[in-house]
Amino acid sequence: MLLLQLLINGLVTGCALGVIAISFSLAYSTTRIFHVAHAGVYTLAGYVAFALAGLGVPDMVALLAAMAVCALVGALIQSELYARLARRRATHLGVLIASLGVLAVIQNLLSGVFTPNIRPFASAWRGRTLSFGGVTLTQVQLVTLVVCAAVYPAALLFTRRTVLGKQIRAVASNPFLAEITRLEPQKTYIIVMAIASAMVAIPGVLVALDFGVQPYDGTTVLLTATIAVIAGGVGSLTGAFLMAVLISVLQNLSLLVISGEWSVGVTFLIFLIFMLFRPRGLFTRR
Amino acid sequence: MTEAAPYLQVSGMSKTFGGLKALNDCSFAIDSGKIICLVGPNGAGKTTVFNAVTGFLRLDEGTMTFRGRSLNGSRPPQVVKVGIARTFQNLRLFEDLTALENVASAVPRQFGGEPFVALFRPLHTARGQARTRERAREILTDVGLAAHANTYVRQLSYGEQKLLCIARVLATGAELLLLDEPTSGLSGDALEKVIALLHRLRSEGRSQLVVEHNTRVVQQIADEVLFLHQGHLLAQGSVASIMADPHLAEIYFGGAL
Amino acid sequence: MSSPMHHAEHTRAVLAPPTISTRRTVLTLLAATIGAGALTVPRRASAADPIRLGAILPLTGPDASVGIQQQRGLRFGVSRLNAAGGIAGRPLEILYEDDEGRPDQAIISFNKLVSLEGVPLIFSAFSGPTLAMAPLATRKKIVLVNGGAQADRLAKASPYLFNTIPVAADEIAVLAKYLISNGKKTAGILYENDAGGSAGRNDFRAAFEQVGGTIIGQEPVTFGQTDYRPMLLKFASSKPDVLFVMLSDGLGPLADQIYQMKPSFLIVGTSFFNDPALLHSPGSNGWLHTQVKIKAPTAIAASFKSMFNVDMEFWGSQYSNATYIMAQAIARVIAQKEPITGENIRQAIFDIKTFNVMLPAVFATNTAAMEIDIARIQDAQQHVVQAIKLG
Amino acid sequence: MDFFLSYFILASIFVIVGLSTNLLVGVAGIFSVSQAAVFGVGAYTVGYLLSNDVMGFLPALVLAGALCLLLNVLVTLPSLRVSGDYFVVTSFGIQLLATAAFTNWDGITGGASGLAGIPPADLFGWSVDNSYKTLALTGVIMCIACLGFALIMRSPFGRLLLAIREDELAVAAAGRNVLRAKVEAAGLAGVFAGVAGGLYAVYLSFIDPSTFDLNASVLLLTMVVLGGARTLAGSIVGPFVVLALPQALAMIDLPTTVAASARQGIYGALLIAFMLFRPQGLMGRRL
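First to last, the sequence lines map onto chains A, B, C and D.
Under this note's numbering, the residues of the first sequence are numbered 4 to 289, in order.
Under this note's numbering, the residues of the second sequence are numbered 1330 to 1586, in order.
Under this note's numbering, the residues of the third sequence are numbered 612 to 1002, in order.
Under this note's numbering, the residues of the fourth sequence are numbered 51 to 337, in order.
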């Protein structure tokens, strides 16, 4: 029973992590920017919803609003910072450092406005639990599971079937060629960043609903997500999502065998093994 | 020459990239002291040949020997040590370094190339470095860039950058130079300078394998032409014989003639 | 690896070595930044001059949530003392320094406060920075006041380091005895993987085993981690009688998750449980914890609430209390017409020994002895189930 | 006076780590965010050896340097196999693993509560027990490190590293051994970081895992960014400015509740501004 419950718990956090991973993967494989500030956008989403919920806005409306705000912020980061840096021919390293800067600005802005404390949502429904054959889930966990698991196929459909999605994939595969064919990569980048930011707002709000908001926890979460992206194979949404779920489930299950002190070690070990044996990821063709 | 091992010989080279055969059972041999031009339409596998010979690419199949020594499995620095050095189509110069430093970077057996020596024998290192720079300056003079020794790469003209690439391979001391489109994008004076340089290097005994698109340049420099098509050697012979073959012209110009 | 084709001309200027003028600008700037700290020159004290003390707290960084609560406590103490006329007519002022929770920043801040501002006393927080400053405090004869960290090593770190709260081991010993006497024989430990948390883990293990209990498992969490479900599940399956929790933050989410899971074991802990987020979560009903007497008198708590619009929690009352204790010691120094130095304040603390300002505390050693209660949480209220009186 | 002494001592120590980071990140182009971990291993090595009276300060410092040389080579090895962002993630992971090891390896590191009461340095029976002596010690070692950095940058080895940062393939094509040069650079950077760690341990007499965490690694990077990459002047200016910043920013008058977050936010804004408007830092080259 413990095994099953841990498995389900891992699935819930894994699906949330999976959406973070595919949103990062989408932004990264298109813009080739190691967008660390994504962690800031993720954190911001929780706070936007928290602030709105405090004003009496229903939680799900707050979620939609947070997605909109994050889309805007993501688009602004791309158009006002990354695009500028690209025009100034900043090196890859330079862009990464600027991104770390954005992360610090967002986190500390939130900490300044909302205090650095962990602050829970007041909504009553998030505490209610449901039981299915011995497995207990809270309503928030259930919503997280369902919504995040639905985002994944939606993202797949979007990139494979829609015109915009195909355009994004074209730019991702060869920005130079795309430029010649007037796909305007920079414009596409802004759209992609907006979409990825709106996407990451979903787990941002749902996880905050479950555990409360806090300003500085996004960094580790994003790092785990990037590990999933790389281990799953850069550019493969399926790989990123499945690896995220796998990592999360393994982290949960590893508790049965070893103490939690080394759970960072477990994640990283998975990563190292991939780096050594499948450096291009599990889901990419050679 | 009859008993001696062939100069550069490749046989049965094959390489597949994701289902695309870049090289398909490609074999040829070349002699020393000549300029050999490697021609063929885009995607014929010319650069892949370069990458394979210089150790940047592992072949699926095939063998490569230089003066009888196998090149299979050699890493790029080892290939340079054996005496083969290359340039790149997109130059790959060190833009944050000066022309002199670019050339000096390729001079072999430098004193102070390891941190321990650089730290604990600074005077020797300085003297060694002076020698290296002297050597680099000679080479720059040789290719006609002496005046630009302390100029940063990005401040050089395209033609000068092309010459600098050749200077850098010369610095390695290699006897066989693999030049990837040394004249592309050049015209007039700059083009003439490169052609003259290639001729002079041949007279000094440096063999050259050159990827070249411009037929007029091929006519001016080539002692022999290798014609590659779809990763396979189609023909090998004198410039005249290759140019005269209507079938090859058809392939090369896609029937435009 | 950069592809050479992608560099543009306008980066050329960047490559040129910095010109003389930029170099000079930079050096001037550097000199200005370093000198900045020196601008506030210490002045001679006169009767109306404020009494200046220092505080080095983690106001930013991962520990900031606690640091800011501690700062609130100090600010509250200062404002109340000054509203009541200050110390012997002189207003009290605290100069705050942010050490980001880092020991090296704490050292710089310590030296700044002592050598540039001439403060005789510094409030500190968290074991790491406090232990780093302790040798300096000894050397400079500066009183260091730790109002929150409870690691055992703090008790003997420096003759000038005063802990205005008992070390965790004192509380935990009381708790262990109470648990055993109430038939709780097996325990799990959930602790924060930092100095305070792991010290608490060791203390509880030692104390509980000494009185005959058995520890059947321990799980760490990192500071700020809020998903406790996997660990709780693991404990739920091994079914200890109690789960000893040693966390300084994130207790609210813990209570929420306990509420959702309804495990069979009882949650027990220390004074850290005095966290409004925990008390207000329905999950905390029935939890037991030791409590250093920290409930501020109602009037004071109300005044705190009106000042900051938040409840007076653990850190707030501890640091307010620390301010009151030190103010009383300084008042004695002034009354004896001695200069306000670290040495004299230290002597005054031991001379007064028994403080009864906001929360009663006795300084027989450098670490305060306080009344330790066992409290049970019910509907956001703490009910004392057993009181262990001082002395 | 002590304020200035402690500032100069810490700055000189961070100059040494800064040189290490600059060598690795700025010069060789290996983007490591785990330099604080190596710095920490140096500090723990010296701290442990001195606390347990295993050996004197100088041999301990040498041992720390040697250990960090090996360690830095090991943690840099993945960069030889994976490039760019993959290594960034690897490096993040190494940093987290190191923090976990510092926190959980109680027997050696004292666990989360750290090592306290590390004795002061002794040089041939002469105890470095006050700030002036410590400044002399760290200052001299800083000067040696600076000299070493300058010698390296002027040597063919330095040029080779600069070339590697720009284009590894071209370096290989020029017949030079990229792998070996990178390993050597990593080893050297390790020695610098290890020695600096040892000095840090004896000066503060207290070390704990929080000093060597991810934030510390980012702080080290900030020093390189602000000072500027690849120059000696930049490596010296960076740590001095970054350590003075909190003092300078404290002069901005803000409500106490937000001042702290505002200050940290300003660090972030500085990183962005430097990348946008002055990617070469105050006195260096473009990163």
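Built from N, CA and C at the ideal position, the CB exists for glycine as well.
{"Asked": "DSSP three-state assignment for Ile951/C, whether helix, strand or coil", "Found": "coil"}
{"Asked": "CB contact below 7 angstroms: Phe27/A versus chain D", "Found": "no"}
{"Asked": "Element boundaries [alpha helix (DSSP H), containing Arg204/D]", "Found": "Ser181 to Arg204"}
{"Asked": "Neighbouring residues, chain D, relative to Phe37/A (Cβ below 9 angstroms)", "Found": "Gly134, Asp135, Val138 and Val139"}
{"Asked": "Ranges of the beta strand (DSSP E) found wholly within the stretch 708-745 of chain C, counting only runs of at least 3", "Found": "732-735"}
{"Asked": "Supposed contact pair Val123/D and Ala236/D - C-beta distance, whole angstroms, cut 8 angstroms", "Found": "5 angstroms"}
{"Asked": "As assigned by DSSP and simplified to three states, the class of Val1554/B", "Found": "strand"}
{"Asked": "Where the stretch 856-867 of chain C meets chain A: residues whose CB sits under 8 angstroms from a CB there", "Found": "Asp860, Gly861, Gly863, Pro864 and Asp867"}
{"Asked": "Cα-Cα separation, Gly160/D to Val22/A", "Found": "39 angstroms"}
{"Asked": "Classification of Leu108/D by the beta-carbon crowding that lies within 10 angstroms, buried from 16 upward", "Found": "exposed"}
{"Asked": "Asp984/C - partner residues in DSSP beta bridges", "Found": "Gln902/C and Ala998/C"}
{"Asked": "Best match in Leu14/A, Thr147/A, Val39/A and Thr33/A for proximity to Thr229/A [C-alpha to C-alpha]", "Found": "Val39/A"}
{"Asked": "Supposed contact pair Gln1537/B and Leu1508/B - C-beta distance, whole angstroms, cut 8 angstroms", "Found": "6 angstroms"}
{"Asked": "Same chain, Cβ closer than 6 angstroms to Ala211/A, five either side skipped, listed in chain order", "Found": "Gly49"}
{"Asked": "Any chain C beta carbon closer than 7 angstroms to Gly215/A", "Found": "yes"}
{"Asked": "Supposed contact pair Ile1413/B and Leu1505/B - C-beta distance, whole angstroms, cut 8 angstroms", "Found": "5 angstroms"}
{"Asked": "Glu216/D (DSSP reduced to helix, strand or coil)", "Found": "helix"}
{"Asked": "Neighbour list for Asp172/D in chain C, Cβ cutoff strictly below 9 angstroms", "Found": "None at all; the shortest Cβ gap to chain C is about 16 angstroms."}
{"Asked": "Identity of the residues DSSP links to Trp155/D by a beta bridge", "Found": "BP columns for Trp155/D are empty, so no partner."}
{"Asked": "Glu187/A to Ala197/A span [Cα, whole Å]", "Found": "16 angstroms"}
{"Asked": "Distance, Pro841/C Cα to Gly799/C Cα", "Found": "14 angstroms"}
{"Asked": "CB-CB length for Ser126/A against Asp62/A, believed under 8 angstroms", "Found": "5 angstroms"}
{"Asked": "Which of helix, strand or coil DSSP assigns to Phe1423/B", "Found": "coil"}
{"Asked": "Whole runs of the beta strand (DSSP E) within the stretch 851-878 of chain C, excluding any shorter than 3 residues", "Found": "853-857"}
{"Asked": "Where Leu148/A falls, given that 16 or more other Cβ within 10 Å makes a residue buried", "Found": "buried"}
{"Asked": "Cβ contact (3+ pairs, closer than 8 angstroms) linking the stretch 1514-1530 of chain B and the stretch 1545-1557 of chain B", "Found": "yes"}
{"Asked": "Three-pair Cβ contact test at 8 angstroms for the stretch 775-787 of chain C versus the stretch 970-988 of chain C", "Found": "yes"}
{"Asked": "Residue range of the alpha helix (DSSP H) that includes Phe242/D", "Found": "Val228 to Leu254"}
{"Asked": "Candidates Arg1456/B, Pro1335/B and Gln1439/B: closest to Phe1395/B by CA position", "Found": "Pro1335/B"}
{"Asked": "Exposed unless 16 or more other CB atoms sit within 10 angstroms - verdict on Gly700/C", "Found": "exposed"}
{"Asked": "Where Leu955/C falls, given that 16 or more other Cβ within 10 Å makes a residue buried", "Found": "Note that residue 955/C is Asn in the sequence shown, not Leu. By the 10 Å Cβ count, Asn955/C comes out buried."}
{"Asked": "Exposure of Lys1491/B, with buried meaning 16 or more beta-carbon neighbours within 10 Å", "Found": "buried"}
{"Asked": "Positions along the stretch 1393-1412 of chain B whose CB lies within less than 7 angstroms of some CB in chain D", "Found": "Pro1405, Pro1406, Val1409 and Lys1410"}
{"Asked": "Where Ala649/C sits in the DSSP three-state scheme", "Found": "Caution is warranted here: a pLDDT of 44 is assigned to Ala649/C, below 50, making its placement in the model unreliable, and the coordinate value is therefore given only provisionally. Looking at Ala649/C - three-state DSSP - the assignment turns out to be helix."}
{"Asked": "Chain D residues whose Cβ lies nearer than 9 angstroms to that of Phe1346/B", "Found": "Near Phe1346/B there are no residues of chain D at all, since even the closest Cβ is about 17 angstroms away, more than 9 angstroms."}
{"Asked": "Three or more C-beta pairs below 8 angstroms linking the stretch 833-850 of chain C and the stretch 745-752 of chain C", "Found": "no"}
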